[in-house]
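In my numbering, the protein residues as written are 0 to 343.
Take a look at the structure below.
Encoded structure:
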């Protein structure tokens, strides 16, 4: 007879009971995001979603996946877990909607060394909030407890979204022409990009959660959740043609806008058309960052760009303002060798 102690999964650092408690806690939150097309509930091996074929002749599915980068480190260090889930959803749904697709459903992946049910619930409540802003259902997800893979107290996030668009309504930039106008939609801050550099700058400045930025706090500006532009873009495209849409993420305005501009054209941006928000001024000053580097690292206050024909400009601005946006005319398309040319 062996005298070895009988081991359990809990002895290895994985608490099945905590995982089950989390599922029960999040069920009422998740229910708030559900759409009529969702079939079944949480707990199955796969999530079921009925495609709304009655609304489409030639439906095309559009998918996107992303994380929140090292912004997550700031959330963990400050114990502010309630909005990082919004960032996770935003980074995925904003990528999907640029092609004219309505986000249908979202799944999340939450990995940690040891599951803290309170923290995980707070994160998932944020994910639900983001899904509701985007009109998508949180249809499922995965919680992985992996001792030895992460430091105690750490967790990581990834998200996955699927949207749908009519084939002939796909926005891909192919109809862009010289003279088309570029409209910028304001960001809420750095969103979820450039945080490896931001964390270096915080260290350089010896910044703390109490560091001031104008009348507020620096960390509040840095942890402001990424804006979700889905309902704005979908509403606008129902009323006028959009030549292209660009989500300004890693690579900033310099790298992202050319992704939806055809060969033989380039983008002219008037940098004087909007004021650099205070948080970006702080980053630029603290890091002595050159203007061009700032524009190819951060969104610099513009989180999404919309390209429209000049004949639709006034109408587009009127619609956007009616939707609560503060649109900015930031540039135009012209013939050229590609890329972005910045004036001002």
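In this text, a Cβ means the ideal position worked out from N, Cα and C, and glycines have one as well.
Only a predicted model underlies this, so the values are computations on that prediction, with no experimental measurement involved.
Straight-line CA distance for residue i to residue j?
{"i": "residue 99", "j": "residue 142", "result": "31 Å"}
{"i": "residue 109", "j": "residue 159", "result": "12 Å"}
{"i": "residue 111", "j": "residue 224", "result": "22 Å"}
{"i": "residue 304", "j": "residue 95", "result": "14 Å"}
{"i": "residue 130", "j": "residue 28", "result": "11 Å"}
{"i": "residue 296", "j": "residue 33", "result": "36 Å"}
{"i": "residue 281", "j": "residue 245", "result": "25 Å"}
{"i": "residue 181", "j": "residue 328", "result": "6 Å"}
{"i": "residue 92", "j": "residue 73", "result": "23 Å"}
{"i": "residue 208", "j": "residue 324", "result": "30 Å"}
{"i": "residue 115", "j": "residue 123", "result": "12 Å"}
{"i": "residue 196", "j": "residue 205", "result": "14 Å"}
{"i": "residue 300", "j": "residue 31", "result": "31 Å"}
{"i": "residue 140", "j": "residue 23", "result": "14 Å"}
{"i": "residue 266", "j": "residue 82", "result": "34 Å"}
{"i": "residue 252", "j": "residue 150", "result": "35 Å"}
{"i": "residue 162", "j": "residue 4", "result": "51 Å"}
{"i": "residue 255", "j": "residue 249", "result": "8 Å"}
{"i": "residue 257", "j": "residue 214", "result": "36 Å"}
{"i": "residue 341", "j": "residue 293", "result": "12 Å"}
{"i": "residue 165", "j": "residue 52", "result": "10 Å"}
{"i": "residue 226", "j": "residue 84", "result": "12 Å"}
{"i": "residue 169", "j": "residue 233", "result": "12 Å"}
{"i": "residue 26", "j": "residue 118", "result": "16 Å"}
{"i": "residue 120", "j": "residue 312", "result": "43 Å"}
{"i": "residue 338", "j": "residue 268", "result": "11 Å"}
{"i": "residue 216", "j": "residue 210", "result": "6 Å"}
{"i": "residue 174", "j": "residue 134", "result": "28 Å"}
{"i": "residue 65", "j": "residue 319", "result": "27 Å"}
Are there 16 or more other CB atoms within 10 angstroms of the CB of residue i, so buried, or fewer, so exposed?
{"i": "residue 314", "result": "exposed"}
{"i": "residue 317", "result": "exposed"}
{"i": "residue 101", "result": "buried"}
{"i": "residue 177", "result": "exposed"}
{"i": "residue 262", "result": "exposed"}
{"i": "residue 70", "result": "buried"}
{"i": "residue 321", "result": "exposed"}
{"i": "residue 229", "result": "buried"}
{"i": "residue 78", "result": "exposed"}
{"i": "residue 107", "result": "buried"}
{"i": "residue 334", "result": "exposed"}
{"i": "residue 90", "result": "buried"}
{"i": "residue 132", "result": "buried"}
{"i": "residue 0", "result": "Any answer about residue 0 is weak, because its pLDDT of 48 lies below 50 and its placement is not dependable; what the coordinates show is given next. Counting Cβ neighbours within 10 Å, residue 0 comes out exposed, since fewer than 16 surround it."}
{"i": "residue 128", "result": "buried"}
{"i": "residue 105", "result": "buried"}
{"i": "residue 240", "result": "exposed"}
{"i": "residue 271", "result": "exposed"}
{"i": "residue 291", "result": "exposed"}
{"i": "residue 242", "result": "buried"}
{"i": "residue 16", "result": "exposed"}
Tell me residue i's beta-bridge partners as DSSP assigns them.
{"i": "residue 143", "result": "110"}
{"i": "residue 254", "result": "Per DSSP, none; premise fails for residue 254."}
{"i": "residue 216", "result": "211"}
{"i": "residue 265", "result": "333"}
{"i": "residue 182", "result": "305, 328"}
{"i": "residue 341", "result": "268"}
{"i": "residue 136", "result": "104"}
{"i": "residue 157", "result": "108"}
{"i": "residue 163", "result": "60, 101"}
In this structure, does DSSP put residue i in helix, strand or coil?
{"i": "residue 47", "result": "strand"}
{"i": "residue 38", "result": "strand"}
{"i": "residue 231", "result": "helix"}
{"i": "residue 85", "result": "helix"}
{"i": "residue 27", "result": "helix"}
{"i": "residue 149", "result": "strand"}
{"i": "residue 204", "result": "coil"}
{"i": "residue 196", "result": "helix"}
{"i": "residue 77", "result": "helix"}
{"i": "residue 245", "result": "strand"}
{"i": "residue 416", "result": "Residue numbering for the chain in the displayed model covers 0 to 343; residue 416 lies beyond these limits and cannot be assessed."}
{"i": "residue 127", "result": "helix"}
{"i": "residue 115", "result": "coil"}
{"i": "residue 187", "result": "coil"}
{"i": "residue 92", "result": "helix"}
{"i": "residue 18", "result": "helix"}
{"i": "residue 239", "result": "coil"}
{"i": "residue 9", "result": "helix"}
{"i": "residue 223", "result": "coil"}
{"i": "residue 33", "result": "coil"}
{"i": "residue 259", "result": "helix"}
{"i": "residue 70", "result": "helix"}
{"i": "residue 173", "result": "coil"}
In chain order, what are the residue ranges of uninterrupted alpha helix (DSSP H) at least 4 long that sit wholly in the region 268–311?
277–286, 290–294
Every unbroken beta strand (DSSP E) within the region 311–336, with a cutoff of 3 residues, ordered by chain:
327–334
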